[in-house]
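Read through the structure below, which is laid out as C-alpha cells, and then see the notes.
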Amino acid sequence: MSAPNLHWPDTIFSYDRKTEVIYTCDAFGMHFCDERTFDEDLEAIEADFRFYYDCLMGPNARSLLTAMKRMNDLGKIKIIANGHGPLLHHHLDILTECYQSWSQRQAKAETTVGLFYVSEYGFGEKLIQAIGEGIQKTGVGIEMIDLSTAEAQEIQELAGRAAGIVIGMPPSTNTAAIAGISSLLAVVNNKQLVGLFECYGGDDEPIDTLRRKFIDSGIKEAFPAIRIKEAPNASTYQLCAEAGTDLGQVLMRDRNLKQLKSLDVNMEKALGRISSGLYIVTTKKGNVNGAMLASWVSQASLQPLGLTIAVAKDRAIDTLMQVGDLFVLNVLEEGNYQELKKHFLKRLTPGADRFAGVKTQTAKNGSPILTDALAYMECEVQSSIECSDHWILYCTVQEGRVSKPEGLTAVRHRKVGNYY
Ligand SMILES: Cc1cc2nc3c(=O)[nH]c(=O)nc-3n(C[C@H](O)[C@H](O)[C@H](O)COP(=O)(O)O)c2cc1C
C-alpha cells in the first residue's frame, strides 16, 4: 500500500493477510528500546510515541490520515510492525486512535507554516525538525516538503496557502531544489512571514540573495536568518526551536488577543483574586541553559516534598523541563525583585544567553542559582499533565536554602485572571 510522505516521499506499508501483520516503515514508530519486543507497557512508551509523532509524522498529518483510511480497508490488523521501537499489539486501539486524533487536530489547524528543505543535504532535516517543533508549541500547524523530490504544483499549493514559510538552503548544485524555490517565489504574498536557515552541508545556496528577494516582495522576516558556521549542536537546535516559536507566536498573536478579549469580565476579575509568589526557574542541560519568570507555582505534596509549576506550551524553557530534568526554583524577595524580574522578562533574540550580566552560582544539580534570590530549591520534574495551553509539572524538591531568614516572598496580586 502506498503511503507517501511518511516520512519519505516513497514510503510503502506492506500487509500480510495471513498473519494480519502490517509493516509500516517509519509510521507508528518511536525511538525507544528495552528488552521487550511488544508494547505491553503503555506508560513506558507513551512519551516517546508522542514525541516521534510530533517530529516525524505530525508535519504530514494529511498524508497520515489518508494512509490510515487505506489501512482500515485492508482487513483486521493484529500487529503493527513499525521500523523503530516495540511492535504494537497490546494497545493497538489506543495507539492508532492517538495517531488519528493528533492528525485530525493537526490537519484542522487554522494556521499553517510550510517547511521547505532538502532531506539528504547537510543537517537540513534535523534543523527543520527543531524549527517545526518550536512552531508547533504555539498551536500553529506545520507541513513539510522536500524540495528535491516534490512537484512544482505541490510546492506552490503549500507556499500559496501557508501563513509562514521556512526554507533550508539547498546546495547550489541541487538544480531540482533551486527550481523548487523559484516556483515557490512565484506564489508567495506579502501577508506571509518567512524564515531562512543554512543546512551546514558545505555549499549552501547563498542565503542573502534569497532573503533580498523576499524582502523586496514585501515579506517580513519572522526571525533573523540562521547562519550555521560549525556543525550543529544542542544550542543550535535550541536556537532553531526558539526561532520557530517566535514565528508561531507572531502568527497566533491576533487570534490569542481576540480570545482573551471575549472572556466574561466578572469571571476574569474573580480569577484575578488568585494570588501567588514570584519565582525564576533556572536550568542547564548540557551546554543549553534557560530561565523563566513564573508565578503559577504551588506546593503540591508533603512526602516527598513536591510542587507544581504551570509552564505555557510555547515557552522556550519547555524543552529543558521534561520528565527527569533538573532545575532550580529561585524565590524572589518582596521589595527587591524588580531588577531580576525585568531582566528575565526581556525579549531576547533566539539563542541569546539568558544569564549575561546576572550573578549566579552553580547548584549541585548543575543549574544556575540566582545569587540575589531570597531562597532556592533544587528540583526534578517527576510528571506532567497537559492542561490546554500549559503543562502542569509536578516536581520533587531535593534541597534548598534561604539566604535571608527574615526575608518575605514577593507576592503577585492581579486585577484579572487572563494573564499571569
Ligand atoms: C508576573 C509574571 C508571571 C509569569 N508566570 C508564568 C508562569 O507561571 N508560567 C509561564 O509559563 N509563564 C509565566 N510568565 C511568562 C514568562 O515569564 C515570560 O513570558 C517568559 O519568560 C518569556 O519566555 P519565552 O522566551 O519562552 O517566551 C509570567 C510572566 C509574568 C510577567
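In this text, residue positions in the sequence shown follow UniProt numbering: the first is 1, and each later residue adds one. Ideal Cβ positions, reconstructed from N, Cα and C, are used throughout, including at glycine.
Asked	Found
Buried/exposed call for Lys137, threshold 16 Cβ in 10 Å	buried
Continuous alpha helix (DSSP H) stretch holding Ile135: start and end	124 to 136
Leu193 and Ile207 closer than 8 Å at C-beta	no
Rounded C-alpha distance that separates Asp48 from Tyr23	19 Å
Cβ shell of Arg62 (< 6 Å), same chain only, five flanking positions each side left out	Ala107
Within 8 Å, strictly: CB atoms of Gly132 and Ile142	yes
Check: Tyr337 C-beta below 7 Å from any heavy atom of ligand 1	no
Nearest residue (CA-CA) to Met71, options Thr173, Ile178, Ala3, Ala163	Ala3
Through-space distance from Met252 to Glu221, alpha-carbon basis	16 Å
Selected residue, minimal CA-CA separation from Trp8, among Lys78, Leu87, Thr149	Thr149
Of the listed residues Ala310, Ala316, Glu205, Thr282, nearest to Gln249 (C-alpha basis)	Ala316
Residue-chain proximity (Asn5, chain D), Cβ-Cβ < 8 Å	Although the question refers to chain D, the structure presented lacks it and comprises just one protein chain.
Per-residue DSSP class, three states only, for His343	helix
Opposing strand residues paired with Gly306 [DSSP bridges]	Ser301, Thr396
Proximity of Tyr121 and Cys199 at Cβ, strictly below 8 Å	yes
Cut-off 6 Å between Cβ atoms - residues of its own chain near Gly85, not counting five sequence neighbours on either side	Gly29, Met30, Phe32
Residue range of the beta strand (DSSP E) that includes Asp146	141 to 146
Close beta carbons around Lys284, own chain, < 6 Å, minus the five adjacent residues each side	Gly366, Ser367
Backbone CA spacing between residue 421 and Val140 [nearest angstrom]	Look at the range of the chain in this structure, 1 to 420, and you will see that residue 421 is not part of it.
Reduced DSSP category for Glu333 - H, G, I as helix; E, B as strand; rest coil	strand
Nearest-residue set for ligand 1, Cβ under 5 Å from any heavy atom	Met292, Leu293, Ala294, Ser295, Trp296, Val311, Ala312, Arg315, Ala316, Tyr420
Minimum C-alpha distance to His343 - residue among Val397, Met267, Ala179, Asp372	Asp372
Element boundaries [beta strand (DSSP E), containing Tyr237]	Here Tyr237 belongs to no beta strand (DSSP E); instead the alpha helix (DSSP H) covers 234 to 261.
Through-space distance from Glu334 to Gln322, alpha-carbon basis	30 Å
The alpha helix (DSSP H) enclosing Leu271, as first and last residue numbers	265 to 272
Proximity winner among Thr360, Leu88, His91, Asp353, relative to Asn287 (alpha-carbon distances)	Asp353
Own chain partners of Tyr337 with C-beta closer than 8 Å, once the 5 adjacent residues on each side are dropped	Leu278, Ala410
Meets three-Cβ-pair contact criterion under 8 Å: the segment 384 to 399 and the segment 301 to 311	yes
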